[in-house]
Amino acid sequence: MIVLHYTGMADAASAIARLCDPTAKVSAHYLVTEDGQVLRMVTEDKRAWHAGASHWRGVSDINSASVGIELVNPGHEFGYRPFPEEQIDALIPLVAGIKDRYAITRGNVVGHSDIAPTRKQDPGELFPWARLARLRLALPRPTKNLMDPNWTEAGFLLALERFGYDVTDKLAAVVAFQRRFRPELIDGEIDGECRAILLALLLPKPRGDD
Numbered sequence: 014m015i016v017l018h019y020t021g022m023a024d025a026a027s028a029i030a031r032l033c034d035p036t037a038k039v040s041a042h043y044l045v046t047e048d049g050q051v052l053r054m055v056t057e058d059k060r061a062w063h064a065g066a067s068h069w070r071g072v073s074d075i076n077s078a079s080v081g082i083e084l085v086n087p088g089h090e091f092g093y094r095p096f097p098e099e100q101i102d103a104l105i106p107l108v109a110g111i112k113d114r115y116a117i118t119r120g121n122v123v124g125h126s127d128i129a130p131t132r133k134q135d136p137g138e139l140f141p142w143a144r145l146a147r148l149r150l151a152l153p154r155p156t157k158n159l160m161d162p163n164w165t166e167a168g169f170l171l172a173l174e175r176f177g178y179d180v181t182d183k184l185a186a187v188v189a190f191q192r193r194f195r196p197e198l199i200d201g202e203i204d205g206e207c208r209a210i211l212l213a214l215l216l217p218k219p220r221g222d223d
């Protein structure tokens, strides 16, 4: 897997210092600054401590199954803002290389909030997932032939769990799904648009890269 984060700290120096502090017990394989510098913090063959308590598609020890990438951004606590072009320009080849090296499917390129919906919001609703999706580096948001399957709440949650989310906390799971695939309206409500998007994501993909 590839797990994308934001640092959620006041500046890059503070984030780097924390990631290098053994007493903090947090780390990531890479950090990408806002001006596009890519810092390797942990080699890819080593386990980094970036995911915490998390779950995705049946995997709970995500630190042992993923490469973690931190994007310098103050996050929701310190003044969340869009990710600069230079930062995303540097991130794209980094993700592409990792994805190719380990044959990672698009459905396993995720945000921290996807794998830990009760605890995390990053990389957040301003992250340009669509840009990665256009390059087949992440799943796109479905926009065509959307059909509302008219699932009950229980049916939607069952489908959401099948897609990969931990649905133990219903509201947190729905919010995380919306943050990733419907960021313009994050209200925790299971509406027709959410059901249609999820159904489209679950339908078989022509090229099998999901």
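Residue numbers (this note's numbering): 14 to 223.
Glycine is no exception: its CB is placed at the ideal position from the N, C-alpha and C atoms.
Can you round the beta-carbon distance between residue i and residue j to whole angstroms, since I take them to be within the 8 Å contact cut?
i: Leu150; j: Val123; result: The Cβ separation is near 12 Å, so there is no contact.
i: Thr131; j: Asp182; result: 5 Å
i: Val16; j: Gly81; result: 5 Å
i: Ile2; j: Leu148; result: It is not possible to answer for residue 2, since the shown part of the chain is limited to 14 through 223.
i: Ala41; j: Leu32; result: 6 Å
Distance check for residue j and residue i, CA to CA, integer angstroms please.
i: Asn163; j: Phe194; result: 19 Å
i: Asp26; j: Leu211; result: The displayed chain sequence assigns Ala, not Asp, to residue 26. Ala26 and Leu211: Cα-Cα distance of roughly 39 Å.
i: Phe140; j: Thr165; result: 30 Å
i: Trp142; j: Leu84; result: 14 Å
i: Thr36; j: Ala28; result: 14 Å
i: Gly201; j: Gly110; result: 35 Å
i: Tyr43; j: Pro97; result: 17 Å
i: Ala146; j: Leu214; result: 13 Å
i: Ile128; j: Ser73; result: 9 Å
i: Met14; j: Pro153; result: 17 Å
i: Lys157; j: Met54; result: 40 Å
i: Val51; j: Asp34; result: 19 Å
i: Ala30; j: Pro155; result: 39 Å
i: Leu184; j: Gly168; result: 15 Å
On a CA-only basis, which of the options is nearest residue i? Give me that one, please.
i: Gly49; options: Val39, Ala30 and Leu107; result: Leu107
i: Thr56; options: Arg31, Glu206 and Ser79; result: Ser79
i: Asp58; options: Phe91, Thr46, Leu214 and Asn76; result: Asn76
i: Leu159; options: Ala146, Leu198, Ala209 and Glu197; result: Ala209
i: Lys38; options: Ala64, Leu52, Asp24 and Met14; result: Ala64
i: Ser126; options: Met14, Phe190 and Glu47; result: Phe190
i: Phe91; options: Trp62, Gly21, Pro217 and Glu174; result: Gly21
i: Pro217; options: Phe176, Leu198, Val180 and Ile199; result: Phe176
i: Lys133; options: Val188, Leu173, Arg53 and Lys157; result: Val188
i: Ala103; options: Val180, Leu173, Val45 and Pro155; result: Val45
In its own chain, which residues sit with a C-beta less than 6 Å from the C-beta of residue i, not counting the 5 before and 5 after it?
i: Tyr178; result: Ala186
i: Glu138; result: Arg192 and Pro196
i: Tyr19; result: Leu84, Asn86, Gly88, Asp135 and Pro136
i: Asp161; result: Gly205, Arg208 and Ala209
i: Glu47; result: Val85, Pro97 and Gln100
Take residue i and list the residues in its own chain whose beta-carbon comes closer than 8 Å to its own, dropping the five residues that flank it on each side.
i: Arg94; result: Asn86, Pro87 and Leu139
i: Leu173; result: Val180, Ala186, Val187, Phe190 and Leu211
Starting from the C-beta of residue i, find all residues in its chain whose C-beta is less than 7 Å away, skip the five residues before and the five after it, and write them out in chain order.
i: Arg144; result: Ile101
i: Arg60; result: Asn76 and Ser77
i: Trp62; result: Lys38, Val39, Ser40 and Asn76
i: Ile199; result: Glu138, Val188, Gln191 and Arg192
Flag residue i as yes if its beta-carbon sits less than 8 Å from any beta-carbon of chain D, otherwise no.
i: Gly120; result: Going by chain labels, chain D is absent from the structure shown, which holds only one protein chain.
Flag residue i as yes when its Cβ comes closer than 7 Å to any non-hydrogen atom of the ligand COA, and as no otherwise.
i: Val123; result: Within the structure as shown, the ligand COA is missing, as the structure has no ligands at all.
Cβ contact (3+ pairs, closer than 8 Å) linking the region 62-72 and the region 99-116: no
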